[in-house]
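Inspection log for the structure reproduced underneath, given as structure tokens.
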Amino acid sequence: GAVVSQHPSWVICKSGTSVKIECRSLDFQATTMFWYRQFPKQSLMLMATSNEGSKATYEQGVEKDKFLINHASLTLSTLTVTSAHPEDSSFYICSAPTASTDTQYFGPGTRLTVL
Amino acid sequence: TQLLKQSPQFLSIQEGENLTVYCNSSSVFSSLQWYRQEPGEGPVLLVTVVTGGEVKKLKRLTFQFGDARKDSSLHITAAQPGDTGLYLCAGARTNAGKSTFGDGTTLTVKP
Chain A
18 GAVVSQHPSW VICKSGTSVK IECRSLDFQA TTMFWYRQFP KQSLMLMATS NEGSKATYEQ
78 GVEKDKFLIN HASLTLSTLT VTSAHPEDSS FYICSAPTAS TDTQYFGPGT RLTVL
Chain B
36 TQLLKQSPQF LSIQEGENLT VYCNSSSVFS SLQWYRQEPG EGPVLLVTVV TGGEVKKLKR
96 LTFQFGDARK DSSLHITAAQ PGDTGLYLCA GARTNAGKST FGDGTTLTVK P
């Protein structure tokens with residue numbers, strides 16, 4: 018099956034600092050990856066679509082200057098939370114579809130805590 | 036806006052009971068996925084259904100895709116505590132396009 022990894026699995030940072038989260042497709046290439054945010058016991062909230070070689074597409078209400086996305090290669094997308102604040106604390110998950118299916122394969126998630 | 040409504044939102048049952056989770060939409064999807072997620076982890080794919088009317092079984096789990104490809108159900112027989120988790124349905128309309136996720140169903144199976 019398709020495997021997606023995320024790093025780090027958890028991070029604690031001080032308010033005002035920036036945090037980078039990596040999402041990698043390990044055994045397939047992904048021209049598109051998706052970034053989600055999830056609050057406890059709630060469904061996934063799509064933040065943005067990461068496109069290899071071009072700009073990310075952000076969902077309404079998501080600040081693109083706050084959440085920087087870079088899709089540098091066919092197997093790596095990064096999400097940088099800039100000038101993080103406590104309200105940015107959340108569980109961030111990425112996913113990638115394989116080229117031949119509609120199915121999203123998810124990373125294990127990154128727990129961000131901003132103090 | 037595509038919406039996928041899941042019901043019930045929360046479900047707490049005793050071990051051995053049966054349950055059904057529903058996923059409904061007014062939109063047609065090319066495929067629909069069911070995922071299970073445990074706290075602190077990413078969603079894990081359970082099944083993909085593609086054909087209207089399709090039924091797939093995964094041990095004690097039975098998944099059905101509606102004839103019109105607008106809705107789906109997940110039935111669990113003889114639930115076990117290990118089935119506890121957040122169940123998510125997701126509908127897709129194009130290859131490699133973004134999926135629409137349901138609200139999620141939090142299932143708790145008590146021993």
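Protein chains in written order, with the numbering used here: chain A, 18 to 132; chain B, 36 to 146. Ideal Cβ placement from N, Cα and C applies to all residues, glycine included. These numbers come from a predicted model, not from an experiment.
Alpha-carbon spacing of residue i relative to residue j, whole angstroms
{"i": "Thr36 (chain B)", "j": "Pro57 (chain A)", "result": "Residue placement at Thr36 (chain B) is poorly supported in this model, since its pLDDT is 49, which falls under 50; the coordinates still yield a value, given next. The alpha-carbon atoms of Thr36 (chain B) and Pro57 (chain A) are separated by roughly 24 Å."}
{"i": "Thr97 (chain B)", "j": "Gly51 (chain B)", "result": "16 Å"}
{"i": "Gly126 (chain B)", "j": "Gln68 (chain B)", "result": "6 Å"}
{"i": "Glu39 (chain A)", "j": "Ala89 (chain A)", "result": "11 Å"}
{"i": "Lys81 (chain A)", "j": "Tyr75 (chain A)", "result": "7 Å"}
{"i": "Asp118 (chain B)", "j": "Gly78 (chain A)", "result": "35 Å"}
CB contact below 7 Å: residue i versus chain B
{"i": "Leu61 (chain A)", "result": "yes"}
{"i": "Gly124 (chain A)", "result": "yes"}
{"i": "Lys58 (chain A)", "result": "yes"}
{"i": "Gln121 (chain A)", "result": "yes"}
Cβ pair residue i, residue j closer than 7 Å
{"i": "Leu123 (chain B)", "j": "Gly139 (chain B)", "result": "yes"}
{"i": "Leu39 (chain B)", "j": "Ser60 (chain B)", "result": "yes"}
{"i": "Ala101 (chain A)", "j": "Val28 (chain A)", "result": "no"}
{"i": "Thr6 (chain A)", "j": "Phe51 (chain A)", "result": "Because chain A here runs from 18 to 132, residue 6 (chain A) falls outside it and cannot be looked at."}
{"i": "Asn68 (chain A)", "j": "Thr95 (chain A)", "result": "no"}
{"i": "Gly124 (chain A)", "j": "Val20 (chain A)", "result": "no"}
Enclosing beta strand (DSSP E) for residue i [first to last residue]
{"i": "His102 (chain A)", "result": "Looking at the DSSP string, His102 (chain A) is not in any beta strand (DSSP E), and its letter there is neither H nor E."}
{"i": "Leu129 (chain A)", "result": "127–131"}
{"i": "Leu93 (chain B)", "result": "90–93"}
{"i": "Leu67 (chain B)", "result": "66–72"}
Residue-chain proximity (residue i, chain A), Cβ-Cβ < 7 Å
{"i": "Thr36 (chain B)", "result": "Only weak support is given to the placement of Thr36 (chain B): the predicted model assigns it a pLDDT of 49, under 50, and the value that follows is read from those uncertain coordinates. Thr36 (chain B) does not count as touching chain A."}
{"i": "Pro78 (chain B)", "result": "yes"}
{"i": "Ser134 (chain B)", "result": "yes"}
Residues bridged to residue i (per DSSP)
{"i": "Asp106 (chain B)", "result": "B:Asn59"}
{"i": "Glu39 (chain A)", "result": "A:His24, A:Thr95"}
{"i": "Gly51 (chain B)", "result": "Paired residue(s): none; Gly51 (chain B) is not in a bridge."}
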